[in-house]
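**Student:** Okay, so the sequence shown: first residue is 48 according to our numbering, each after it adds one.
Positions of the beta carbon are idealized from the N, C-alpha and C atoms, including for glycine.
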Amino acid sequence: MSALVDSPVSVSPVPVPPRPAAKPRGILLVVDDEEGPRMSLKVIFKDTYELLMAEDGVRAIELAQQHDIDVAILDIRMAGMSGIEVLERLRQVRPDMEAIMITAFETTDTIRQALRLRACDYINKPFDIATIRNAVSQAMQRRVLESQVHSSADKVRELLTELQNRSIEEQIAKTHKDIYASILHDINGPLTVVSGFVQLLNKKLGNESRLETEDLEFIKERLRIIERQVVNCIEIQRRYLGFLRRQGNDQTHAGVNQLLHDLEQLVRVHPSLQENEFCLTPLAGDIGVKVNGTDLIQILLNLSVNAFQCTPLPHRVEIGGEVETATLDLTAFKDGPNDRFLNVENMHNVAPLVKLWVSDTGPGIPPEVLPKIFQSYFTTKGPSQGTGLGLNIVQRLIKEGHGALHVHTQRNEGTTFTIYLPGTSLVRESGSAR
Ligand SMILES: Nc1ncnc2c1ncn2[C@@H]1O[C@H](COP(=O)(O)OP(=O)(O)OP(=O)(O)O)[C@@H](O)[C@H]1O
Ligand SMILES: [Mg+2]
């Protein structure tokens with residue numbers, strides 16, 4: 048079968064198609080079983096593209112397996128495998144390749160088949176050089192565009208992955224920053240006590256030339272408190288470093304009343320106590336709690352210090368608690384202008400539960416402030432008085448302990464923070480049962 052083409056010498060100058068970005072010259076496959084038209088096409092395209100010539104379907108497929116073909120020109124009517132069959136086989140090897148069919152007397156059915164196989168163009172015989180050059184040039188441009196779109200999509204995907212990785216890294220860095228800030232915040236309390244007592248001891252020792260027995264007792268008692276505070280600091284940094292290493296907390300099931308006793312000792316010597324009235328009532332029946340003991344003391348100490356600092360006027364702060372022997376009815380745990388709940392949906396609501404509260408007779412928390420109090424760095428205190436981390440730490444410890452928290456506040460009457468934590472039967476150490 049022959050195609051009538053213009054003589055190559057009289058080729059009219061058609062703009063040279065832009066070269067693909069990735070490959071300097073596009074690869075063009077010509078599949079025709081007749082030498083005449085094959086040679087014509089060769090003459091037309093040999094200087095513009097990397098040209099591959101196939102005289103039948105078998106050779107065409109072989110070439111497609113060896114080369115990343117951009118565009119194929121296929122004669123539909125060929126002896127042996129038809130152009131449609133060849134295209135079908137070529138699609139399996141080069142699904143993205145562009146195809147131009149050359150038709151003579153084809154039925155619409157054949158053309159439909161070619162379209163189904165995503166032939167991008169079909170050219171009737173006889174064709175002129177400008178038409179075929181134009182068709183190939185457009186097909187080549189589409190390939191270039193497609194590969195640019197693909198590489199852009201790949202770049203976008205790469206960028207997205209990088210962004211996701213960055214955001215994870217930033218998240219980790221932020222967590223680290225928060226944790227270091229928490230260490231400083233939590234250690235600040237015990238260190239204030241230590242520094243106060245060291246000053247007191249210095250004063251005492253500075254004034255005395257010799258020490259009486261009662262002075263020695265005084266010093267020993269203060270040193271015991273200092274020692275306890277230093278142990279506390281070590282515990283705090285161990286807990287946070289454990290968190291950083293994702294080791295989790297040491298879940299020793301501490302006895303609540305022992306912890307309340309330790310807390311009372313800390314509060315009694317805390318500088319924020321000042322002239323305020325303080326009362327701590329232990330549980331009527333002791334119980335263990337499924338959180339690290341230092342964590343529980345840290346929660347209650349933060350709440351107590353807030354309660355003392357809520358007004359400079361002398362007021363009363365009370366710590367108390369009870370054991371809940373039934374699971375809680377959480378339907379009543381709803382936020383309101385005077386109430387705020389934390390971690391209700393994730394708490395382990397299984398009896399027995401330890402319920403502990405810290406209440407004050409201070410000014411209360413204004414409704415516009417209440418929703419913000421657990422945010423990190425939120426404070427209504429002056430810069431030298433508060434970092435705004437205390438309640439954020441409380442919130443994290445409550446969540447880690449699978450507990451819940453309720454704040455109830457009333458303007459000019461005071462505020463009560465109540466915490467609920469999973470309880471456990473008390474492991475009594477010999478001689479230390481209380
Ligand atoms: N018992 C309370 N009565 C009134 N307001 C309170 C009480 N407890 C907390 N708040 C309010 O919540 C804010 C946040 O408390 P949080 O403990 O997080 O930070 P802070 O006490 O301001 O600073 P920090 O604890 O870092 O020293 C306080 O600044 C205060 O406005
Ligand atoms: Mg605080």
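Just to be sure I understand the criterion: a residue counts if its Cβ is closer than 5 Å to at least one heavy atom of ligand 2. Which residues meet that?
**Tutor:** Checking every Cβ against the heavy atoms of ligand 2 under 5 Å gives N353, G437.
**Student:** Quick check: is any heavy atom of ligand 1 less than 7 Å from the C-beta of Q345?
**Tutor:** No, the beta carbon of Q345 sits no closer than 7 Å to any heavy atom of ligand 1.
**Student:** On a Cα-Cα basis, can you pick out the residue from R138, F464, Q276, D156 that is closest to G119?
**Tutor:** Before going further, note that residue 119 is Ala rather than Gly in the sequence given. Closest option to A119, Cα to Cα, is R138.
**Student:** To the nearest angstrom, report how far apart V77 and L88 are at their CA atoms.
**Tutor:** Distance between the alpha carbons of V77 and L88 is about 8 Å.
**Student:** Indicate the three-state DSSP secondary structure (helix, strand or coil) for H395 in the structure shown.
**Tutor:** Note: H395 maps to coil in three-state DSSP.
**Student:** According to DSSP, is R387 part of a helix, a strand, or is it coil?
**Tutor:** In this structure, R387 counts as strand in the three-state DSSP scheme.
**Student:** Taking 8 Å as the threshold, find out whether the segment 421-436 comes into contact with the segment 370-383 through three or more Cβ pairs.
**Tutor:** The segment 421-436 vs the segment 370-383: no contact.
**Student:** Counting only runs of 3+ residues fully inside the segment 105-175, write out the beta strand (DSSP E) ranges in chain order.
**Tutor:** DSSP runs (the beta strand (DSSP E)) wholly in the segment 105-175: 118-122, 145-150, 168-171.
**Student:** Excluding the 5 residues flanking T462 on each side, which residues of the same chain have their C-beta closer than 8 Å to its C-beta?
**Tutor:** So the list reads A354, C357, S406, D407, G409, G411, I412, V454, H455, T456, once near-sequence residues are dropped.
**Student:** Could you say which of E145, I149, N181 lies nearest to L164 if we only look at CA atoms?
**Tutor:** That would be E145, whose Cα lies nearest to the Cα of L164.
**Student:** For S184 and D117, I'd like the C-alpha separation in whole angstroms.
**Tutor:** Approximately 11 Å between the Cα atoms of the pair.
**Student:** In chain order, what residues of the same chain lie with their CB nearer than 8 Å to the CB of L238, ignoring the 5 residues before and after it?
**Tutor:** Excluding sequence neighbours, L238 sits near Q276, C280.
**Student:** Just to confirm the assignment: which complete beta strand (DSSP E) runs, minimum length 3, are found wholly within the segment 287-374?
**Tutor:** Listed in chain order, they are 324-327, 363-371.
**Student:** Can you tell me whether Q276 is helix, strand or coil according to DSSP?
**Tutor:** Reduced to three states, the DSSP call for Q276 is helix.
**Student:** What number of angstroms, rounded off, separates the C-alpha of Q211 from the C-alpha of V203?
**Tutor:** Those two C-alpha atoms are separated by around 12 Å.
**Student:** Which residue marks the beginning of the alpha helix (DSSP H) containing V90, and which one marks its end?
**Tutor:** Counting along the chain, the alpha helix (DSSP H) containing V90 begins and ends at 82-92.
**Student:** Answer yes or no: the CB of K428 versus the heavy atoms of ligand 1, is any distance below 7 Å?
**Tutor:** Indeed, a heavy atom of ligand 1 lies less than 7 Å from the Cβ.
**Student:** Leaving out five residues on either side along the sequence, give the residues of the same chain with a beta carbon under 6 Å from the beta carbon of R387.
**Tutor:** L417, V454.
**Student:** Is G367 a contact residue of ligand 1, with contact defined as CB to any heavy atom under 7 Å?
**Tutor:** No; taking the cut-off as 7 Å, the Cβ of G367 has no heavy atom of ligand 1 nearer than that.
**Student:** Is the Cβ-Cβ distance between D233 and I440 less than 8 Å?
**Tutor:** Yes.
**Student:** Need the endpoints of the beta strand (DSSP E) that Q457 sits in, please.
**Tutor:** 451-457 is the extent of the beta strand (DSSP E) around Q457.
**Student:** Is T408 near ligand 1, in the sense that its beta carbon is under 7 Å from a heavy atom of that ligand?
**Tutor:** Because no heavy atom of ligand 1 lies under 7 Å away, the Cβ of T408 does not count as near it: no.
**Student:** Shorter than 7 Å, the distance from the beta carbon of V278 to the closest heavy atom of ligand 1, or not?
**Tutor:** Checking the Cβ of V278 against ligand 1 gives no.
**Student:** Is I281 helix, strand or coil by DSSP?
**Tutor:** Reduced to three states, the DSSP call for I281 is helix.
**Student:** Helix, strand or coil for P237? Go by DSSP, reduced to three states.
**Tutor:** It is helical.
**Student:** Tell me whether V52 is buried or exposed, calling it buried when 16 or more other Cβ atoms sit within 10 Å of its Cβ.
**Tutor:** No answer about V52 holds up, because its pLDDT of 37 lies below 50 and its placement is not dependable.
**Student:** So what does T208 bridge to, in DSSP terms?
**Tutor:** Its beta-bridge partners do not exist; DSSP assigns none.
**Student:** Can you check whether the CB of I91 is closer than 8 Å to the CB of H189?
**Tutor:** The question names His, but residue 189 is Arg in the sequence shown. Result no, Cβ atoms of R189 and I91 do not sit closer than 8 Å.
**Student:** Rounded to the nearest angstrom, what separates L452 and K251 at their Cα positions?
**Tutor:** For L452 and K251, the distance between alpha carbons rounds to 43 Å.
**Student:** Would you identify the three-state DSSP class for L98, choosing helix, strand or coil?
**Tutor:** It is a strand residue.
**Student:** Have a look at L320 and R271 and give me their C-alpha separation to the nearest angstrom.
**Tutor:** The alpha-carbon atoms of L320 and R271 are separated by roughly 20 Å.
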